[in-house]
Amino acid sequence: MGTCNRLNSRYNRDNQGQRSVDLLDQEKKHFHPVPPSFDVGEMDQCKVDKYSVISYATNRYSVPDHLVGKMVDVKVYPEKLHCYYENHKICEHERQYSRHGWYINLDHYLYTLQRKPGALGGSQALESAPEDVKQTFEKYFAHAAKDFVELLIFLRDHGYAFDKVTEAIQALNRTCPHDISLDKIQALCMQKNIMYTPRDDHDDQIVQQSWKIIKEKQKQSRTEAISEMKEAVAQGKVLTDLQEIYQASIDGRGALLIVHQDFSQAVLMKDERTFSLINDATIENAIDDITSNIAWEVIAKKGTVYFTSQEEIEELGEIVLKTRY
Numbered sequence: 001m002g003t004c005n006r007l008n009s010r011y012n013r014d015n016q017g018q019r020s021v022d023l024l025d026q027e028k029k030h031f032h033p034v035p036p037s038f039d040v041g042e043m044d045q046c047k048v049d050k051y052s053v054i055s056y057a058t059n060r061y062s063v064p065d066h067l068v069g070k071m072v073d074v075k076v077y078p079e080k081l082h083c084y085y086e087n088h089k090i091c092e093h094e095r096q097y098s099r100h101g102w103y104i105n106l107d108h109y110l111y112t113l114q115r116k117p118g119a120l121g122g123s124q125a126l127e128s129a130p131e132d133v134k135q136t137f138e139k140y141f142a143h144a145a146k147d148f149v150e151l152l153i154f155l156r157d158h159g160y161a162f163d164k165v166t167e168a169i170q171a172l173n174r175t176c177p178h179d180i181s182l183d184k185i186q187a188l189c190m191q192k193n194i195m196y197t198p199r200d201d202h203d204d205q206i207v208q209q210s211w212k213i214i215k216e217k218q219k220q221s222r223t224e225a226i227s228e229m230k231e232a233v234a235q236g237k238v239l240t241d242l243q244e245i246y247q248a249s250i251d252g253r254g255a256l257l258i259v260h261q262d263f264s265q266a267v268l269m270k271d272e273r274t275f276s277l278i279n280d281a282t283i284e285n286a287i288d289d290i291t292s293n294i295a296w297e298v299i300a301k302k303g304t305v306y307f308t309s310q311e312e313i314e315e316l317g318e319i320v321l322k323t324r325y
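For the sequence shown, this note's numbering gives the first residue as 1, with consecutive numbering after it.
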């Protein structure tokens, strides 16, 4: 390769004193565009049966349960099955070469489980779920299937991976291991230091476009929340003192909490309602970030929480709470 580069960089009389590498740059302007990649998938159509599965080559694959009775298009590749409904990709599966197998995605049954959460325990959908999902259900939600279904819907609606639940539970085990609940997990999942990174899939524009829409809607919601907070300032319903915010949150007065994404504060509790601010979160009995506790108190009492890095929050403060009264 080095020899070729050296020869192509020489000035040549046969090229009227020009280098071959320069002539190549001129020729590139006249090249035809690269043809699109050739898709070698095989197209098929399948009907979604009453169990919300399609059948292909004796195996059954789940699709979202709102499509029961519909016809879906299936593009079959050597390693994948991509399913489409009305030209929109709805799911994909690893292609299986066994026979008469059932390959179920728990998320495909959330619409049904939301109405009948008691059907989750012992279901084929749960049995087919990843090991971390099954372990979390069995350890923390075996007697609260409705909460677990709500958690899965929460993850889907926010575009979060289940890893966020695992991280949230690990954090709760360090602070309140005997009080792990849906509200607290949701609050921690929304915390700023547990960030979600969407899967990079350059071959699937639908995934990229969907994630873009989700981010735009999330930004719009945060902007509207900031506007609501500014209006509440004139009404005298906004707290900015961290101690007062904490007390209002545990009293159930928190309607809307907005926290700057980079803000955190370690504290040492004096009693159930008051604390001292500290800089060293490793001190015995210290809470490494009181904003997490405040956030789940607000959510647990039917309030709304946003973590944001938008500049508009700076004029309000790093943490602000709109109170109900």
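We put the CB at the ideal spot given by N, CA and C, even for glycine.
Bear in mind the structure is a predicted one, so any value in this text is a computation, not a measurement.
N235: buried (16+ other C-beta within 10 angstroms of its C-beta) or exposed?
Checking the sequence, you will find Gln at residue 235 rather than Asn. Q235 comes out exposed.
For T323, collect the residues of the same chain with a Cβ closer than 7 Å to its Cβ; drop the 5 residues on either side in sequence, then sort them by chain order.
Cβ neighbours of T323 beyond the five flanking positions: K237, L239, A248, R253, G254, A255.
Could you tell me the alpha carbon to alpha carbon distance between K70 and H100, rounded to whole angstroms?
If you take the alpha carbons of K70 and H100, they lie about 22 Å apart.
For Y84, which of A119, I54, S98, E27 has the nearest alpha-carbon?
It is I54 whose Cα lies nearest to the Cα of Y84.
Give, in chain order, every unbroken run of the alpha helix (DSSP H) that is at least 4 residues long and sits entirely within the segment 129-168.
Runs found: 131-140, 145-158.
How is I245 classed by DSSP in three states: helix, strand or coil?
Looking at I245 - three-state DSSP - the assignment turns out to be helix.
With a 10 Å radius around its C-beta and 16 neighbouring C-beta atoms as the bar for buried, classify Y196 as buried or exposed.
Any reading at Y196 needs caution, since the residue's pLDDT is 41, under 50, leaving its predicted position unreliable; the model's value is listed next. Y196 is exposed by the Cβ-count criterion.
Just to confirm before moving on: does the CB-CB distance between N293 and I287 stay below 8 Å?
Yes, the pair counts as a contact, with Cβ atoms nearer than the cut-off.
With respect to the alpha helix (DSSP H) encompassing V21, which residues constitute its N-terminal and C-terminal limits?
Where V21 is concerned, the enclosing alpha helix (DSSP H) stretches over 20-28.
Using the Cβ count rule (16 or more neighbours within 10 Å means buried), how would you classify H82?
Per the 10 Å Cβ criterion, buried.
Considering only their Cβ atoms, is the gap separating I319 from T274 smaller than 8 Å?
Against a cut-off of 8 Å, the Cβ pair of I319 and T274 comes out as no contact.
Return the chain-ordered list of same chain residues with a C-beta closer than 7 Å to the C-beta of F141, the five sequence neighbours on each side being excluded.
For F141, where only same-chain residues beyond five positions count, the Cβ hits under 7 Å are D147, F148.
Taking the CB atoms as reference points, tell me whether T223 and Q261 lie closer together than 8 Å.
It is not a contact, given that the beta carbons lie outside the stated cut-off.
So, with DSSP's three-state summary, where would you put N293?
Helix.
Could you spell out where the alpha helix (DSSP H) holding Q186 opens and where it closes?
Unbroken alpha helix (DSSP H) run through Q186: 182-189.
Kindly identify the DSSP beta-bridge partner or partners of V305.
V305 pairs with L257.
Could you tell me which uninterrupted beta strand (DSSP E) segments, each at least 3 residues in length, are contained entirely in the segment 21-101, listed from first to last along the chain?
With a minimum length of 3 residues, the continuous beta strand (DSSP E) runs that stay inside the segment 21-101 are 42-47, 53-56, 59-62, 71-76, 80-85, 88-94.
Helix, strand or coil for T323 per DSSP?
In the structure shown, T323 sits in a strand (DSSP, three-state: E or B).
Pair every Cβ in the segment 46-60 with every Cβ in the segment 73-82, then say whether three or more of these pairs are closer than 8 Å.
At 8 Å Cβ cutoff, the stretches touch.
Note the first and the last residue of the continuous beta strand (DSSP E) segment covering A119.
Taken as a continuous stretch (DSSP letters only), A119 belongs to no beta strand (DSSP E), as it is neither H nor E.
Using three-state DSSP, classify S221 as helix, strand or coil.
Helix at S221.
Which residues bound the beta strand (DSSP E) around L277?
Where L277 is concerned, the enclosing beta strand (DSSP E) stretches over 275-278.
Can you give the beta carbon distance from Q186 to F154, rounded, assuming they're within the 8 Å contact cut?
The Cβ separation is near 6 Å, so the contact holds.
Can you tell me which residues form a DSSP beta bridge with I287?
I287 pairs with V267.
Measuring only between beta-carbons, confirm whether L126 sits less than 8 Å from chain D.
Protein chains in the displayed structure number just one, and chain D is not present.
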